[in-house]
Structure formats: C-alpha cells, structure tokens
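Okay, so here's the structure we're looking at.
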Amino acid sequence: MTTPAGIASILQEHRVFPPPADLASRLGGAVVGSMEDLRAMHRRALDDPEGFWGGLAREHLHWFTPFSKVLEWSCPDARWFVGGTTNACFNCVDRHVEAGHGDEVAILWEGEPVGAGGPEVRRLTYGDLQRETSRLANALASLGVRTGDVVTIYMGMVPEVVIAMLACARLGAAHSVIFGGFSAPAIVDRVNDAGSRVILTCDGAWRRGSVVPLKAHVDEACRSLPEVGQVIVLRRCGNEVSTTAGRDLDWHALVASQPDHRPCVPMDSEATLFLLYTSGSTGKPKGIVHSTAGYGLHVAFTARATFNLRPDRGQVFWCTADVGWITGHSYVVYGILPNRVPCLIYEGAPNFTREDRFWEIVARHRVTHFYTAPTAIRAFMKWGDAHPARHDLSSLMVLGSVGEPINPEAWMWYRERIGGGRCPIVDTFWQTETGGHVITPLPCATPTVPGSCTLPIPGIDAAVVDESGRELPPGRGGLLVIRRPWPGMLRGVRGDRQRFIDTYWSRVPGMYVAGDAARRDERGYFWILGRIDDVINVSGHRLGTAEVESALVAHEAVVEAAVVGMPHEIKGTGIAAFVTLGPGASPSEALKSNLREHVAREIGAIAKPDMIRFTGALPKTRSGKIMRRLLRDVAAGRESAQDVTTLEDFSVLSRLRESEEA
Ligand code: WTA
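Residues 32 to 693 (my numbering) are what the sequence shown spells out, left to right.
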C-alpha cells in the first residue's frame, strides 16, 4: 500500500476536539446532536435497516409511486425501494419550485477571469434550473435521446454542466461525466464503453488564465468514435473551434427554440442515474453504475447529516471538487440541491489570480461550509498563512476533507488558519463506489481526532477484518469492509459483471471490500491506512498504476514500465515510473520530459509521472511478477525490509538505487 506524507505520525495521535458548544445553534439546530443520539441512531439502523432507510427515503425523496418494499438483497445484487418511482431532477429542483421556493438561489457561480469590475458572478434559482433543465431535456429529446440512453458530458465548471446532468435525469437518460482534465484517448475509451451517441461540451474551460480546449479534445476523440452523432457545444471562453456540419450544434441556438416546460419522467428506483468511470487495479477505467433512488437518498441524507445542512439559515455550501469526480456528483449536485442550501461553484484554479482566491471567495459570498481535499490544504500551507489571514473567514462553520488520508499537520493548519479554531473538521471517507459518505464525523456530535475519519454513518456496517472476514481487535490493521448493503452502493460495473464480483465481492465472501487498509483504535474510530491494490490517490484524484504503465509502453522508446506511488509533500502520493528502454533509445532528460508529455496526451496532465527512472531490467519474482513493493521502497528512498531472495536479478536492485533521479 502507498502511505501518504505524515502517515506514521497519525498512529500516535491523541488530540481530541469535541464539537464546539455553540455550533448547533449557529447551524440552526443539530441534525444529530450528541454521541448518544448518534449511537442510538446507528443501533436502530442496524436492528431495523428497512425501517431506518425506508423512513429516510420517505422523508428525503419525492415519490411519484411509493415503493412497496425497502430492500431485496441477494449478494452482491441489491434492489432498494422496490416498485417506487422518483426522479433525481425533481428531488433537486422541481420539488422546491412546487413548494414556493422557486426564487431562491440554488447555484451561486463565480467565473475564473477577473475583470476590472471583479469576477463574473451568476445566481441561478430553482426556478431557473427548472426552466433550463426542461429546455435542454426537450432539446435532447428532439435529437432522439431516450430514457435509458447514456449521454456523455465533457465540460468545464460552469452552471450549464449541472443543468446538463439534471436535464439527463429529467429525461430519464443516464449521464457519464468525463473530467475536463482527461485527454482525447481517455474520452474515446469512456464514450465507447458507455455507448454514447451524444456529447455535451464547451469550446473551452478556464484554468489559471488559459483556455483548456475541450472542444478540440472532443474533435480528436470523435475521429475514433463514428457512433457519436451529435456534439452540443456551449460557448464559454470564445476560443476558436472548428465545426463539423451535421454533427456539431450550438448549445444556445439549440436550447433557445425549446419550450421551457417538460415534466420529469417518473423513473424506477433502480434505473441508472449515471455512470462514472473510475480507476481500478487492472485494465481500463470501469463504469461504476449508480441508481436513481438509492444513490439519491444516500447523498441527500449524508449531505444533510455530515454538514448539518439547514435551509433558511443563510448557509452557503462550497465543495471545491470538479463535477468530473464523484465528489462533484454527490456534493455539488445530487446531495446539496435536495437540501435547499445554495451551492457555490467556482470555475477555476485556487491560485488565480493570486493564492488567496479561495479565501476571497469565502469572504465575498459568506461561505458557511467548505469542503476540499488534503492536497489543496497542503498547497495552501505552502503558500503561507498570510493569504487566509488577509480575509474575513468568520462565516465558516464546518470544514470538510475528502479524497485521501489527511495528515495531522494539515488537519491542524486547516482547523486553526481556516477555521479559526471554531469549526469542526469532517474527514469524510468514501469512494466512487459507495456513492456518498460512509465513515465520517458529524459536526455537532462526533469528537474529532486529527487524521481519523472516526465512525460510520448510521446504517453503514463498516468493519476492519482479516482475509476470512473475522473482525480484528483495536490497533490491528486489516481490510476495510462493509458487511451489509446500503442505498448508495454501486449497482455494478458497466458491461462487466465478473469484474464487479471479482473486485468487490470475492476477497471476503458476502462483504463489500473497499480496497483500503484500515485499523480501529480503542475508541472504535477508523484510521484509513491507504489502498491495498494498485490504485493511487494523486492529489486526491484516483488513478490506476496500470493505466499509466500502458500509456508509457505505448511510447515507441519504451519496452517495459512499472508505476508505483511514492510519498509526495503536496500531492500525498506522487507517481514514480521505472522504465526499460528499447535498443534504439537512450536515457536522457529530454526523453523523460517527452515521456511525461506523452502520458499527459494519453490520459491527462494529472497522470504525469513525478519521477522517471530508467533501468536495464525490472525486479521480478521467479514467476515473472514485478516486485512492486520493492519499487515502492526504492521510490520512497527506503531501505527495503523485503526478502529479495526471489529476485531474478539481484543486481537490478542496487542499480535502481544508484540510478539518477528525475
Ligand atoms: C481514498 C473519492 C482517507 C481511499 C471520494 C478511497 C480517503 C479512495 C478518504 C476513493 C478519506 C477517500 N481518508 N482516504 N477521508 N476519502 N479516500 O473513488 O483510498 O475517487 O478508496 O472517491 O480515496 O477515491 P474516489
């Protein structure tokens, strides 16, 4: 497993921070107000899961047809809220309009460029969202998109990306959002796998003052995607784009002529709401399938509980994640909107035009909830205390962390410099596959400890077990599992049932295996120790080492490559690549940067190796397996404790150690 910066110190962590006494009243009342309440709720949920989740489903979701049964479970297949029909767009938007809240702000958006009069700010109400999702849904329907189709979305962080997702939901089509940082070949794989015929995109996306040419990436991808019939292009940056007649459509022109009314289609509880591609140990990214009702409930419930969301209390929720990742799906869109708390979306980079941009935004919009990744916090620390200190951050009440283990140094800095010592930190553990939070503190209930994600949310039966499924005593590291089904759980891997079973349900029969190692302490708190597979969390972004390896070997100079994670001060985990060259190529700095660019073209800039080492051969066992743990030690500069007697070529090890670093 890859251990991020500072992980050793968390094992000795004893500082405990109880919830601030006045927090519940400042938040307009606690959703869960004490540890006694939390434990009682958890017990009730495990004693009577159907009563617990059924009650929440009636409270949180609008039902066109009520469900007749809460759960049908035949491991690993779950059907939640059987017989019911609902619609995710209705739960996010129409419900609030019908209840008389149509004029309230749903999305508060700030663009990246800063003009003479400041940045562009847009406010969209629930009424605006109802109108815009209706028009776009009508437009998509006019192009032949039907219930059950998959629409691909490859856009920047503009309000229209949320409108696009919700318009699909309105229509009953599933969406597949591709992160705008991915390159053309990554688009090709995902569009092919999803079978999308329609792509929604932008001319470009603003990033640190320059334009990422999204449409050009789609054009390049479409050369290998003959099935794509329509590309709908939103104008955002005004950059030059080429237009393919008959395929490309202008978003504004298309939508302008559409009626602004279209009812939400009642969807079966289990209908696919979206696919989201994520990395695994092997092969290409897999399309994780999420359901309409179960996922919708899980994220609305956890958003409310974890952040103590309350409407009508002046709360402003800001999650900094891009909607191209699960965090953006769940806590920019589907979890926040149902709770009727305005959601802030910022388009660009945290250090544009200066390193205090985020704090300027917090102060300008009186943000109450701020949710980001440890890698960002470590970058803020490096940029210096002066940046947050210049701004009024007194509106903040709850701070969140997600995506990778947070080291106690970053945790304490976040608490003091951003939270002014008065905001609890909710360190939320979850995954693309879990849909929403599964282990997290609740701000008015759970005493927090730096580096621990604390306790499961009520109803989540998480445990640390050995390979046979036996629960381990406190202090012992083991496999993190979830022993019972939960509403937000993935329903499958698109088109690959065997992979679904093998990846999550085979290692410990009857239990969901998360792919992380964890231990619990005497208090019962969970500590995530890192991935047990060949997945790495680079700046909180999930990548498979196998993907980077296959990108490297696709380069003409490379014969073989092994990629492992290594500790990285800011990214948490950096990417180390060990590369064996073919006879025609020789090691050089130029080749290293060439290989980095090559990986960026194949996958995206996030996958660029931080370190490349050229080696005559890779260390392998007698059966030919690359000795990854040994490479991880070499990459981290650690002496390997591993027995190397199975190494095919002992000299390889010492040569790797000596070889010059990038
Ligand atoms: C890691 C992101 C420690 C973990 C929501 C998990 C975390 C993977 C935390 C999922 C956390 C996420 N503490 N590790 N609070 N949150 N992780 O699918 O390794 O992009 O398995 O979902 O991120 O990454 P994914």
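Note that the Cβ used here is the ideal one computed from N, Cα and C, for glycine as well.
Please read these numbers as outputs of a predicted model, since none were measured by experiment.
Asked	Found
Helix, strand or coil at Arg686 [DSSP, three-state]	helix
Neighbourhood of Arg166 by C-beta distance below 6 Å, restricted to the same chain and skipping five residues each side	Val286, Gln289 and Asp291
Alpha-carbon spacing of Met32 relative to Ile194, whole angstroms	Residue placement at Met32 is flagged as unreliable, the pLDDT there being 41, under the threshold of 50; the coordinate-derived value follows with that caveat. Their Cα atoms are separated by approximately 39 Å.
Cβ-heavy atom distance, Thr463 to the ligand WTA, below 6 Å	yes
Alpha-carbon spacing of Ser40 relative to Arg46, whole angstroms	Confidence is the limiting factor: at Ser40 the pLDDT is only 49, short of 50, which leaves the residue's position unreliable and the question unanswerable from this model.
Contact set for Phe213: own chain, Cβ-Cβ below 6 Å, skip 5 residues either direction	Gly635
First and last residue of the uninterrupted beta strand (DSSP E) at Glu103	Lys100 to Ser105
Same chain, Cβ closer than 8 Å to Val219, neighbours up to 5 away in sequence not counted	Ala252, Ser255 and Leu256
Opposing strand residues paired with Thr116 [DSSP bridges]	Thr96 and Asp299
Spatial distance of Val264 from Cys233 (CA atoms)	5 Å
C-alpha gap between Leu54 and Ala352, whole angstroms	25 Å
Residue burial classification, Gln529 (beta-carbon count within 10 angstroms, cutoff 16)	exposed
Status (buried if at least 16 other CB within 10 Å, exposed otherwise) for His91	buried
For Gln261, three-class secondary structure by DSSP	strand
Option nearest Ser105 by Cα separation, candidates Val62, Ile532, Met196 and Thr333	Ile532
Proximity winner among Thr406, Gly490, Gly327 and Arg632, relative to Ile601 (alpha-carbon distances)	Thr406
Stretch-stretch touch, CB-based, cutoff 8 Å, three pairs: the region 235-251 with the region 154-166	no
Contact test: Ile367 Cβ vs the ligand WTA heavy atom, cutoff 6 Å	no
Classification of Thr652 by the beta-carbon crowding that lies within 10 angstroms, buried from 16 upward	exposed
Closer than 6 Å: Thr358 CB and nearest the ligand WTA heavy atom	yes
Inter-residue Cα distance where the pair is Pro489 and Thr337	11 Å
Distance between Arg385 and Pro419 (C-alpha atoms, nearest Å)	12 Å
Residue interval of the alpha helix (DSSP H) (run including Thr164)	Tyr157 to Ser173
Gly325 vs Pro474 beta-carbon contact at 7 Å	no
Exposure of Val707, with buried meaning 16 or more beta-carbon neighbours within 10 Å	Residue 707 falls outside the range modelled here, since the chain spans only 32 to 693, and no answer is possible.
Pair within 7 Å by beta-carbon distance, Phe389 and Leu427	no
C-alpha distance - Arg688 paired with Val665, whole-angstrom precision	6 Å
Closer than 6 Å: Asn169 CB and nearest the ligand WTA heavy atom	no
Exposure label - Thr323; buried when at least 16 CB within 10 Å	buried
Three-state class that DSSP yields for Glu692 in the structure shown	Per-residue confidence for Glu692 stands at a pLDDT of 47, beneath the threshold of 50, marking its modelled position as unreliable; no derived number is given.
Rounded C-alpha distance that separates Met542 from Tyr535	8 Å
Boundaries (first-last residue) of the alpha helix (DSSP H) holding Asp250	Leu245 to Cys253
Residue interval of the beta strand (DSSP E) (run including Pro598)	Val589 to His599
C-beta contact flag for Met66 and Ala476 at 7 Å	yes
Separation of Ile606 from Ala648, as counted between CA atoms	19 Å
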